[in-house]
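Peer 1:
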Amino acid sequence: MKVDFGDFQFVRIEPKVIRYVSGVATASLGSGEFSKEEYRAAKVDPIYQFSKPIASHVNKDHAEDTKLTVQHSTSIPVIKNTPLNISFSYDKQLRELIILTNPCCQHG
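Note that numbering that gives the first Met the number 0 has the sequence shown beginning at 0, numbered continuously upward.
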């Protein structure tokens, strides 16, 4: 393949560790880490193909119920928000921060 950009180059990345972050606890505890051998030996989740339709259905059709469940279990009022996901390293551990913004309070 020919590339016509002077400031461009191809690189090959050889990961040493792969971390699957499915939530804050996974990121904090490092429980999502696995080796190259474990990654290569892994099998595809048989219900993976259905995860997006299921999650979309729950998010769309049960949004109010989900909001009430969160409010009940955490005693924190839930407002309409737009999440901003940020991954960062702190104390030599990868962390994930989710910032929720209230559209009515943003200044533009």
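Glycine included, every Cβ here is placed at the ideal spot set by N, Cα and C. What you are looking at is a predicted structure, and each value in this text was computed from that prediction instead of being measured.
Can you give me the start and stop residues for the alpha helix (DSSP H) that residue 69 sits inside?
Peer 2: 62-73 is the extent of the alpha helix (DSSP H) around residue 69.
Peer 1: Whole angstroms is fine: what's the gap from residue 11's alpha carbon to residue 34's?
Peer 2: Rounded to the nearest angstrom, the two C-alpha atoms are 18 Å apart.
Peer 1: What is the DSSP secondary structure of residue 13, counted as helix, strand or coil?
Peer 2: Residue 13 falls in the coil class under three-state DSSP.
Peer 1: Nearest-angstrom Cα distance between residue 61 and residue 73?
Peer 2: When rounded, the distance between both Cα atoms is 18 Å.
Peer 1: Determine which residues share a DSSP beta bridge with residue 36 and list them.
Peer 2: In DSSP, residue 36 forms no bridge with anything.
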